[in-house]
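Enquirer:
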Amino acid sequence: MIWCDTGGGEVAHIEDLAVFVAQLNAAGFAAAMDARAVAGPWGRSLQFDLAPWLREGPAAPGDRLAVIAAQQLGEARLAGMRHLAGGAGLACTAFGSFASRQAAIGAQARLAFALGCEPDVIDLATHHDQKWLGFDAPRIGVARPLPEDGVPSVLLVGPPLQDPRDGAALIGLSLMSSLRIAVLTDGKTKQAWTEAQGHAIPFYQYGEVPPASIAHRVHALALFEPFQKSYRLQSLRANVAVSGGVLLDCAQGHPIAAEDEAFVRAPVDLAGLGAFLASEILPNLARIGAHVRGAAQTRRLARHDALGPLAGLTALEPDAAPAGEPARIVFMPTNGVGLGHAQRCRLVAGELPAARYATDFAVFPSCMGLVRSYGFDAAPLVSRSPLHSHPHQNDLVNYLRLRSLTRSADAFVFDGGYVFDSVYRTILEHRLRAVWIRRGLWQKTQDNGIALDREKAFARVIVPAEAFAELNRPYSRGPQLRDVGPIVQGLRLEGAARARLRDEIGTRYGTAFRHLVVSQLGAGVAADRHAQLQAICAMLERRTDVLHLLVIWPTATVEAGWFCWQRSRVVRTLHAAVLAAAADLCISAAGYNSFHEAIYGGWPTIFLPQTGAFMDDQMARCRAAAERGLAGFVEPQEALKLERTVARMLDDGAGAETVRRLTSEALPAPGNTDAARLIEEIADGRQPKSGDLRPDRTARRG
Amino acid sequence: MDANRSQEICARIVPRDADDLDDMLRPHDPGHRPQGRALFPDVEAAVPRIDAFKVQGTVCVGVRVEGHAADVADWAARLAAFALEREVEIVILAQTDVSGYERFGFRVERVAGGTPDLRARCEDQIVRFWGIDLVL
Chain G
155 MIWCDTGGGE VAHIEDLAVF VAQLNAAGFA AAMDARAVAG PWGRSLQFDL
205 APWLREGPAA PGDRLAVIAA QQLGEARLAG MRHLAGGAGL ACTAFGSFAS
255 RQAAIGAQAR LAFALGCEPD VIDLATHHDQ KWLGFDAPRI GVARPLPEDG
305 VPSVLLVGPP LQDPRDGAAL IGLSLMSSLR IAVLTDGKTK QAWTEAQGHA
355 IPFYQYGEVP PASIAHRVHA LALFEPFQKS YRLQSLRANV AVSGGVLLDC
405 AQGHPIAAED EAFVRAPVDL AGLGAFLASE ILPNLARIGA HVRGAAQTRR
455 LARHDALGPL AGLTALEPDA APAGEPARIV FMPTNGVGLG HAQRCRLVAG
505 ELPAARYATD FAVFPSCMGL VRSYGFDAAP LVSRSPLHSH PHQNDLVNYL
555 RLRSLTRSAD AFVFDGGYVF DSVYRTILEH RLRAVWIRRG LWQKTQDNGI
605 ALDREKAFAR VIVPAEAFAE LNRPYSRGPQ LRDVGPIVQG LRLEGAARAR
655 LRDEIGTRYG TAFRHLVVSQ LGAGVAADRH AQLQAICAML ERRTDVLHLL
705 VIWPTATVEA GWFCWQRSRV VRTLHAAVLA AAADLCISAA GYNSFHEAIY
755 GGWPTIFLPQ TGAFMDDQMA RCRAAAERGL AGFVEPQEAL KLERTVARML
805 DDGAGAETVR RLTSEALPAP GNTDAARLIE EIADGRQPKS GDLRPDRTAR
855 RG
Chain P
129 MDANRSQEIC ARIVPRDADD LDDMLRPHDP GHRPQGRALF PDVEAAVPRI
179 DAFKVQGTVC VGVRVEGHAA DVADWAARLA AFALEREVEI VILAQTDVSG
229 YERFGFRVER VAGGTPDLRA RCEDQIVRFW GIDLVL
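If you're matching them up, the sequences are chains G and P in order. Numbering-wise (my numbering), the first sequence opens with residue 155 and increments by one. Numbering-wise (my numbering), the second sequence opens with residue 129 and increments by one.
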């Protein structure tokens, strides 16, 4: 193990340390940081940068310590290193740029005293060919195979975008079919651009992800300003170079190419860059890349010469999937408010051929039982905590679990509205083939900027359709998008099976009933439906021909008052669809899953929408069904209308009429199988041609 | 635990629980299969111990639960009283998908893993996440 630390305690030093350790690990070294040494009030991004590499000291025999920015060493950091050494001598290599030979000797003496062992000190300022590169930490090049098929990618670093003409030129570049562009810039510039122009062009900000996580996406790196002050950019440059990418100096006056022979001089304005790339670079990518990779400086980067004695340490073997094993796909549904995301994922996973694909799930605790009951292995995540100061604290834990769970995965499938940092970083870091199952019908007031920004990490976005065409709206465009029919089970119980189950229910509760009513109004997280459920229990208590089953989610809270009614029973099940299919009336929230199960199952239903600001537009779904006469629709505050509607459905034939209409309604065919096939293509590394998916068919039942 | 939340939990504590219908309904669900495993991925990194709650001085106590106990309402009442009087947060460390404490509104974390060692590591992550010093 190589323990890493920094001589400086400022945020910039800790950021450099995080990059250094990430680079070492990406290069195959087992490197880590003492968690105590880097504890601090860091921003969210830096916390995620650090999290994978934190370990508890003290060091074990045979471990080594690497210190960067050793010219900054102070008493506090030396005390931390002494604690790590734990009283035993800890071999150390220290890197820094020292003002004088005397300063280097001083650092060496202080480290020797703290660690009980004489350290190697490498003065980066004395390396002539690095006179303006890597003052605090040695540069390490991490080679990543660049995708050979498809369109080359050009990453523009710090392009000028203040002038509207530059913006227009960038858009022009993005329209070239011979290349793909992405932009790496500061947070303010990224925010201004995405607010004005949207997410069609992928923008990254400097600290968004470690350099090793995006370098493999870069065939050509175009720098618009000198980068010697940034260890992060130096590392990116090193990674691109050793991977055989092209380096372009687009800075005014070409100062980078003047110092670094690996760079090609390129136009400094975006307007001229497109033609230059098309005529000079793209046709010669392989040749220029080979030249860069073969340059003496690049070879030193690839050999990790700058690491000195550390370079020879045994590197980790990369993880390799055992031969002959089925491809492994990890699904991660967000629990959201109910269980809809998990239901959707298990339906799709169930369509994957078990002989060819092994599927695991990472789920929040409320979904563990559901996913496991359908035969899938599942690892629990940690839900958000309202008590912690930082709302992302749970996501740091989930990040570690996801990283580990997906280490040997062939594909990753995420189903949710918000792409967590843990999800985004795991995909990029492990270079996962990632699929996003993204249902639509977002509310107009919802801000999904972060989610759309992170779409760039996914190889494919599968959009399950709504049953009714007017509810389908595009939120982004591109070849990664695929529409499929609604992902739904559509469970029906026919004839004898339905009658038998109703008899069983009657026997269980010792009561005869003419009407079985099932209510499932959600988990109570988005909106408190306590009052509505009490109203339903009260109105049904006045009848003698009803048994009302109030369905709660397996891990939801249960109010004591619900147990007081004679005609209502509180029940818990992972198979609520079976119960609803046996009912004469279902009173349900209108989340994607509940809604489509009811419509496709042909269940007579009154929808009572959830209306949380962060949820899908359930009101729109309810209206669409009600306007077609396919369901009842009652708004949450309409308690009197709810009673009238229940009576119409049970007593006036509206329920039977609803079933008749549902049976004859033309609905798009379910997309479960298509979604699974689209995931298979990604897991297998196949590149489907655009539009090869068969179009949604119209299904007519009955 | 703030007083409102304690009172909400107390108000939900009754001996009656929702009736579990899975045994009756499962055979009618064409998708059901033998239960999958509860995994815990082997994580090398150390979860940073919580250093800041919204309310300074928040203390969390872990309660290890290995199954779904029959007298869960009695235990829930005791824990709610303990939380109210000692002003602590209760975190249930559950080794099953449903511990029984969820219905009252306690925070429940799932402890998973195929071996005792993995389950211990899973629990250790949760203990760090909540800054728990005492596990009952």
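All C-beta atoms, glycine included, are put in the ideal place defined by N, C-alpha and C.
1) Find the residues of chain G that neighbour Q88/P, judging by a C-beta separation of less than 7 Å, and give them in chain order.
2) Residues of the stretch 169-202 of chain P in Cβ contact with chain G at a cutoff of 9 Å, in chain order, please.
3) For a contact meaning CB atoms closer than 8 Å, what does D245/P contact in chain G?
4) Is Q253/P buried or exposed, if buried means 16 or more other CB atoms sit within 10 Å of its CB?
5) For A752/G, decide whether its Cβ has a neighbour in chain P, counting only Cβ atoms nearer than 8 Å.
6) On the CB-based measure, 16 or more other CB atoms within 10 Å of its CB, does I836/G come out buried or exposed?
7) Determine the direct distance from the alpha carbon of S576/G to that of D564/G, and round the result to whole angstroms.
8) With DSSP as the reference, identify every bridge partner of Y511/G, one or two as the case may be.
9) Could you tell me whether any Cβ in chain P is nearer than 8 Å to the Cβ of Q547/G?
10) Mapping the DSSP letters down to three states, classify T247/G as helix, strand or coil.
11) With 8 Å set as the bound, which would you pick, yes or no: does the beta-carbon of F210/P sit closer than that to a beta-carbon of chain G?
12) Establish whether the CB of R206/P and some CB of chain G are separated by less than 8 Å.
13) How many whole angstroms separate the CB atoms of M187/G and L171/G, which I take to be in contact at a CB cut-off of 8 Å?
14) So, with DSSP's three-state summary, where would you put Q223/P?
15) So with CB distances below 8 Å, who are the chain G contacts of G159/P?
16) Between the Cα of V341/G and the Cα atoms of V311/G, L333/G, D317/G, which residue gives the shortest distance?
17) Excluding the 5 residues preceding and the 5 following I178/P in the sequence, name in chain order all residues of the same chain whose CB lies nearer than 8 Å to its CB.
18) Report the CB separation of R236/G from L269/G in whole angstroms; it is logged as a contact under 8 Å.
19) How is G756/G classed by DSSP in three states: helix, strand or coil?
20) Any C-beta of chain A sitting closer than 8 Å to the C-beta of A166/P?
21) Between A395/G and G295/G, which are expected to be in contact by the criterion C-beta below 8 Å, what is the C-beta distance as a whole number of angstroms?
22) Given a limit of 7 Å on CB to CB distance, which residues of the stretch 684-709 of chain G reach chain P?
23) Taking C-beta pairs closer than 8 Å, name the residues in chain P that T727/G reaches, listed in chain order.
24) Whole angstroms are fine: how far does the CA of A131/P sit from the CA of G529/G?
25) Which of the three DSSP states is assigned to A354/G in this structure?
26) Kindly indicate which residue of I276/G, F267/G, S558/G has the alpha-carbon position closest to the one of D459/G.
27) Which residue's Cα is closest to the Cα of V305/G: G809/G, R371/G, R654/G?
28) For Y385/G, is the classification buried or exposed, using 16 other Cβ atoms within 10 angstroms of its Cβ as the cut-off for buried?
29) Going straight from the alpha carbon of G228/P to that of L167/P, what length do you get?
30) Buried or exposed for W157/G, please, with buried defined as at least 16 other CB atoms from any protein chain shown within 10 angstroms of its CB.
31) Is the Cβ-Cβ distance between A611/G and L582/G less than 8 Å?
32) On a CA-only basis, which of P365/G, A291/G, T711/G, A258/G is nearest A176/G? Give me that one, please.
33) According to DSSP, H669/G sits in a beta bridge with which residue or residues?
34) Closest Cβ-Cβ distance between D514/G and chain P: below 8 Å?
35) Establish whether the CB of H495/G and some CB of chain P are separated by less than 8 Å.
36) Let me check one thing: in DSSP terms, what residues is H542/G bridge-paired to?
Expert: So, to answer that:
1) Because chain P is modelled from 129 through 264, residue 88/P falls outside the range shown and cannot be assessed.
2) Residues passing the 9 Å Cβ filter: P169, D170, V171, E172, A173, A174, V175, P176, R177, I178, D179, A180, F181, K182, V183, T186, C188.
3) By Cβ distance, chain G contributes nothing, its closest Cβ being about 15 Å from D245/P, past 8 Å.
4) If you draw a 10 Å sphere on the C-beta of Q253/P, you find 16 or more other C-beta atoms in it, and that means buried.
5) Taking 8 Å as the CB threshold, A752/G stays off the interface with chain P.
6) I836/G comes out buried.
7) In a straight line, the C-alpha of D564/G is about 18 Å away from that of S576/G.
8) As DSSP reads the structure, Y511/G sits in a beta bridge with A481/G.
9) Interface residue (Cβ-Cβ distance to chain P less than 8 Å): Q547/G is classified as such.
10) Reduced to three states, the DSSP call for T247/G is strand.
11) Closer than 8 Å: no.
12) Under the 8 Å criterion on CB atoms, R206/P is classed as non-interfacial with respect to chain G.
13) Right, their Cβ atoms sit about 7 Å apart.
14) For Q223/P, the secondary structure class from DSSP, reduced to helix, strand or coil, is coil.
15) Among the residues of chain G, those whose CB is under 8 Å from the CB of G159/P are R500, L501, G504, Y528, Q643, following chain order.
16) Checking the sequence shown, residue 341/G turns out to be Gly, not Val. Of V311/G, L333/G, D317/G, the residue nearest in Cα terms is V311/G.
17) Once the five neighbours on either side are set aside, the close Cβ partners of I178/P are R256, F257, W258, G259.
18) Indeed they touch by this definition, with Cβ atoms about 7 Å apart.
19) Note: G756/G maps to coil in three-state DSSP.
20) Looking for chain A here will not work: the only protein chains present are G and P.
21) Taking C-beta atoms under 8 Å as the contact rule, A395/G and G295/G qualify, at a distance of about 6 Å.
22) Answer set for the stretch 684-709 of chain G: I706, P708, T709.
23) Residues of chain P passing the Cβ test: D148, L149, D150, L153.
24) Looking at the two C-alpha atoms, the distance is approximately 41 Å.
25) DSSP, read as helix, strand or coil, puts A354/G in coil.
26) Here the closest residue by C-alpha is I276/G.
27) It is R371/G.
28) Flag for Y385/G reads buried.
29) In a straight line, the C-alpha of G228/P is about 21 Å away from that of L167/P.
30) Its Cβ being crowded by 16 or more others within 10 Å, W157/G is buried.
31) Against a cut-off of 8 Å, the Cβ pair of L582/G and A611/G comes out as a contact.
32) Cα-wise, what sits closest to A176/G is P365/G.
33) Within the DSSP secondary-structure output, H669/G pairs in a beta bridge with V700/G.
34) Cβ-Cβ to chain P under 8 Å: yes for D514/G.
35) By this cut-off, H495/G is not an interface position.
36) Answer is F181/P.
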